[in-house]
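Chains A and B, in that order, are what the protein sequence lines are.
Its first residue numbered 1, the first sequence is counted upward by one per residue in the working numbering.
Its first residue numbered 445, the second sequence is counted upward by one per residue in the working numbering.
Think of the CB as a built atom: it goes at the ideal place given N, C-alpha and C, for glycine as much as any other residue.
There are 2 protein chains.
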Amino acid sequence: MGEKMVLVGGGLAGSLMSIYLAKKGFDVHLYERRSDMRGGNYQGGRSINLALSVRGITALGKVGLTKEILDISIPMYGRMMHSTAGELNYQAYGRDDQAIYSVSRGELNIRLLQLADQYPNIHMYFDHKCYKMDLDQNVAWFEDVNGHKHEVKGDVFLATDGAFSALREAMIKNPRHNFSQTYESHGYKELEIVPGPNATFQMEEKALHIWPRSSFMMIALPNPGGNFTCTLFMPYDGEVSFSKLNKDEEIMAFFKEYFADAVPMMPNLLEDFKGNPIGHLATMRTYPWVKNKSALMGDAAHAIVPFYGQGMNCSFEDCVVLDDCISKFEGNWDKILHEYQISRKTNADAIADLALQNFIEMRDLVGLPEFLRKKKIEKGLVDNYPGLYMSQYERVTFSNDNYRDALNAGEKNDRFIQHIIDHQLEDQLENADTMMPLLNDWFA
Amino acid sequence: MGEKMVLVGGGLAGSLMSIYLAKKGFDVHLYERRSDMRGGNYQGGRSINLALSVRGITALGKVGLTKEILDISIPMYGRMMHSTAGELNYQAYGRDDQAIYSVSRGELNIRLLQLADQYPNIHMYFDHKCYKMDLDQNVAWFEDVNGHKHEVKGDVFLATDGAFSALREAMIKNPRHNFSQTYESHGYKELEIVPGPNATFQMEEKALHIWPRSSFMMIALPNPGGNFTCTLFMPYDGEVSFSKLNKDEEIMAFFKEYFADAVPMMPNLLEDFKGNPIGHLATMRTYPWVKNKSALMGDAAHAIVPFYGQGMNCSFEDCVVLDDCISKFEGNWDKILHEYQISRKTNADAIADLALQNFIEMRDLVGLPEFLRKKKIEKGLVDNYPGLYMSQYERVTFSNDNYRDALNAGEKNDRFIQHIIDHQLEDQLENADTMMPLLNDWFA
Chain A
1 MGEKMVLVGG GLAGSLMSIY LAKKGFDVHL YERRSDMRGG NYQGGRSINL
51 ALSVRGITAL GKVGLTKEIL DISIPMYGRM MHSTAGELNY QAYGRDDQAI
101 YSVSRGELNI RLLQLADQYP NIHMYFDHKC YKMDLDQNVA WFEDVNGHKH
151 EVKGDVFLAT DGAFSALREA MIKNPRHNFS QTYESHGYKE LEIVPGPNAT
201 FQMEEKALHI WPRSSFMMIA LPNPGGNFTC TLFMPYDGEV SFSKLNKDEE
251 IMAFFKEYFA DAVPMMPNLL EDFKGNPIGH LATMRTYPWV KNKSALMGDA
301 AHAIVPFYGQ GMNCSFEDCV VLDDCISKFE GNWDKILHEY QISRKTNADA
351 IADLALQNFI EMRDLVGLPE FLRKKKIEKG LVDNYPGLYM SQYERVTFSN
401 DNYRDALNAG EKNDRFIQHI IDHQLEDQLE NADTMMPLLN DWFA
Chain B
445 MGEKMVLVGG GLAGSLMSIY LAKKGFDVHL YERRSDMRGG NYQGGRSINL
495 ALSVRGITAL GKVGLTKEIL DISIPMYGRM MHSTAGELNY QAYGRDDQAI
545 YSVSRGELNI RLLQLADQYP NIHMYFDHKC YKMDLDQNVA WFEDVNGHKH
595 EVKGDVFLAT DGAFSALREA MIKNPRHNFS QTYESHGYKE LEIVPGPNAT
645 FQMEEKALHI WPRSSFMMIA LPNPGGNFTC TLFMPYDGEV SFSKLNKDEE
695 IMAFFKEYFA DAVPMMPNLL EDFKGNPIGH LATMRTYPWV KNKSALMGDA
745 AHAIVPFYGQ GMNCSFEDCV VLDDCISKFE GNWDKILHEY QISRKTNADA
795 IADLALQNFI EMRDLVGLPE FLRKKKIEKG LVDNYPGLYM SQYERVTFSN
845 DNYRDALNAG EKNDRFIQHI IDHQLEDQLE NADTMMPLLN DWFA
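And the structure:
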């Protein structure tokens, strides 16, 4: 039996990581604050469904779960924009077969826990809340649902306990540990578009729907039951904001003005709007991620805003990289954890920045003619020169390239597209004689 | 008797603020984690002496302490730069009578506590450590030196408990409270230049001494006893760094190479270097500063690096502004605290930025010919056009202008000085016929 690995947090990253570790023969102990969600008492975290993309699929593939998870997911091949007048405008995310997958967060977590349960060297403890951590001595303390306290020693501790990680809280009290938490001026509220007759979808099923309204937006992701989970992102305060929507009439008038085409499909709108809390959006960054034999993973290391659909995918990629480091430097935990944090930090920062940028794109730019013109040029490039030109979205979503490289490539792509506009080459996109030398010059 | 005001932390800001509040008739309760430093057990915080400037003097003036404090201080009229070869180069900070004042942090704190003690409506509790805070209910819990726990209710709570504030820790757990802590790659170590015979100063007494060495530096501030407190600021790691100085020979070789003129005046160098800890440098920012009836002040709200000598001065200015807000909106605490945080946040951010900029200036730029050329031009402007041209240093150090305005003015000053260089006007600085129209054009 290998070292005793203690995972603090049995959410998506924690449960996947526990399986990776179990496959390597470690003695794995997984602690989770909440009850066992397999008991049917799943409380959705901050999102009911998530968008699984290539990085997440790669990570699930390592434990043989890809097919099982895709079977309970709905592929979304593009964005469907809804104008205020109800006009639809579709943008494919990539080439024909490229999709992101809408999947239930709870269902995905349950499948991971079910798989973890099959490993005799994984021990799970639910209803155990970490309330203290001694990073120097490798000891954590948990309080169970009966108020009993448990002291847990381990060889290595992994913090997979999310954006408000107890382990990270202990870590950043040490000198020279940087940390920031930055909240957006927008909050969000989850709503629902219900199924039509016989659980049919009332809108295009295989798309992510967006109602971009400049300073705010609504999105909708399909669920297997025929319904869509909608999320309204809006400022807390200001002219059009949550603070202005209190009375029933105010709420209904707002929705009828801005989301008229959706309102008839949202019979529970008022009830949902008044009953559901306003969620908060924060970016959290910290460094180092490692202290002694403890390391941060997932949201504990890098909480990001949800606008690139990469929170879970990035956390799963943390697991892949850590697993690779464990293989590479077997037994040398200082090296393993150091290499892991060096490799992941720059990429976590990059996806945090990309997610913030994408909020502007989704709520505002997607509705602007200049943006649509550039997207059309990009589509011409992606379709005609697949080996040579990769869009930023493709790198982030449909590849396992470093997020940092995707961020840098995106800036270069923007300059290239501007070059095409400046040199009036928009009608030459399919002309390989013109484009190939140019693309080779810029990207080869 | 007015509302019950609870101050968490009896350092410089806490003790001064308690006097302001007592003068207004509040029921003031001042809690301090450490023992009463008037008992002779003063443990210097992170600096033994500090540089008091106009903002701090203004704040002390409101409680009639100016003369008493200046009497125990040493004025420093300029910077004395020491080259590696031991050559001296002096730059005045301002006009003839303008100085910053080297004062003992401990002595200043004691004088403030002594004054506070004269107010029957100030109640002081030493050896009381705040360990929990309920911001919604306005209750704090303190543990005394005997392990007894005390629940303290109050009408208003002020966090004057420094960079690692317990109250701020409770505050930033609330949603939409932003926070960041960013450590420098440099640490610091305190050393000493001893007095000469009969407690005489071995270097120019009325100056702040700097040994700028580009990636690191040493500074020295005079004390009334004839000694200087030296601080070495240096990277933790790298070619020239704390990590490289371990053996006695390494330490001595380093000091003889870079601070040869100081070494003969530092007989306790080895002992001090090996015995004193490496201090850390961090910038901490947060917002909001207010939750319900609790507010952050001083380092709890804005820990900054020490390179502009403004940490204490800025904290004292917090007290002045809060005191003004209390007068202006008497009894309306929501307005008082809101106005206070709005007014101070932008200025605290500005001085945090200025302090970071000044580190580069002190350790690196002050040794460069191009920088000295610009400083000479600026001195020509300051000396000849006192009403029209104000240097950034003057605004920060010798005025009560907003830090934000000083930051902005500094950027404009830089452009103006570059204009003078570009237009070859350096020999025209005393020619009012040329300069006045230009100055009026830029600054009037």
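Within chain A, partners of residue 720 of chain B - CB distance below 9 Å | Within 9 Å Cβ-Cβ: nothing; residue 720 of chain B doesn't reach chain A, min ~15 Å.
Would you verify that the beta carbon of residue 182 of chain A is, or is not, closer than 8 Å to some beta carbon of chain B?
-> yes
Name the residue from A:281, A:277 and A:303 whose alpha carbon lies nearest to the alpha carbon of residue 289 of chain A.
-> A:303
Presumed contact (8 Å Cβ cut-off) between residue 528 of chain B and residue 702 of chain B, rounded CB distance | 6 Å
Give, in chain order, every unbroken run of the alpha helix (DSSP H) that is at least 4 residues long and sits entirely within the segment 272-358 of chain A.
-> 299-302 and 311-328
Contiguous beta strand (DSSP E) assignments of at least 3 residues, all confined to the segment 15-63 of chain A = 27-31 and 49-52
Show which residues of chain A have a CB atom less than 8 Å away from the CB atom of residue 623 of chain B.
-> 179, 180 and 181
Please state if the CB of residue 883 of chain B and the CB of residue 833 of chain B are separated by a distance shorter than 8 Å.
-> yes
The alpha helix (DSSP H) enclosing residue 859 of chain B, as first and last residue numbers | 847-866
So which residues of chain B does residue 176 of chain A contact, with C-beta pairs closer than 7 Å?
-> 627 and 724
Could you check the C-alpha separation between residue 286 of chain A and residue 375 of chain A for me, to the nearest Å?
-> 34 Å
Going straight from the alpha carbon of residue 460 of chain B to that of residue 774 of chain B, what length do you get?
-> 20 Å
Can you check whether the CB of residue 81 of chain A is closer than 8 Å to the CB of residue 191 of chain A?
-> no
Excluding sequence positions up to five away, which residues of its chain have a Cβ less than 7 Å from the Cβ of residue 752 of chain B?
-> 795, 798, 799, 802 and 840
Taking three-plus beta-carbon pairs below 8 Å as touching, is the segment 2-17 of chain A in contact with the segment 111-125 of chain A?
-> yes
Quick one, which of B:566, B:593 and B:581 has its alpha-carbon nearest residue 575 of chain B's?
-> B:593
Is residue 262 of chain A helix, strand or coil when you go by DSSP?
-> coil
Got a sec? Which residues, its chain only, sit under 6 Å from residue 465 of chain B by beta carbon, not counting five neighbours each side?
-> 449 and 472
In whole angstroms, what separates the C-alpha of residue 622 of chain B from that of residue 163 of chain A?
-> 14 Å
Go through its chain and collect everything with a Cβ distance to residue 646 of chain B's Cβ below 6 Å, but skip five positions before and after it.
-> 640 and 709
From residue 587 of chain B to residue 317 of chain A, what does the alpha carbon distance come to, in whole angstroms?
-> 44 Å
If you draw a straight line from the C-alpha of residue 875 of chain B to the C-alpha of residue 865 of chain B, how long is it?
-> 15 Å
In whole angstroms, what is the alpha-carbon distance linking residue 137 of chain A and residue 402 of chain A?
-> 34 Å
List the residues that DSSP assigns as beta-bridge partners of residue 636 of chain B.
-> B:673
Count the other C-beta atoms from every protein chain shown that fall within 10 angstroms of the C-beta of residue 427 of chain A, then say buried if there are 16 or more, exposed otherwise.
-> exposed
Just list the alpha helix (DSSP H) runs in the segment 139-216 of chain A, keeping only unbroken ones of 4 residues or longer that don't cross its boundaries, in chain order.
-> 166-171
Kindly confirm or deny that the segment 677-684 of chain B and the segment 652-663 of chain B touch, where touching means at least three C-beta pairs closer than 8 Å.
-> yes
Same chain, Cβ closer than 7 Å to residue 671 of chain B, five either side skipped, listed in chain order = 636, 637, 638 and 639
Secondary structure of residue 573 of chain B, DSSP reduced to three states = strand
From the DSSP output, in three-state form, read off residue 246 of chain A for me.
-> coil
Could you spell out where the beta strand (DSSP E) holding residue 382 of chain A opens and where it closes?
-> No beta strand (DSSP E) holds residue 382 of chain A; the alpha helix (DSSP H) holding it covers 369-384.
In whole angstroms, what is the alpha-carbon distance linking residue 415 of chain A and residue 378 of chain A?
-> 12 Å
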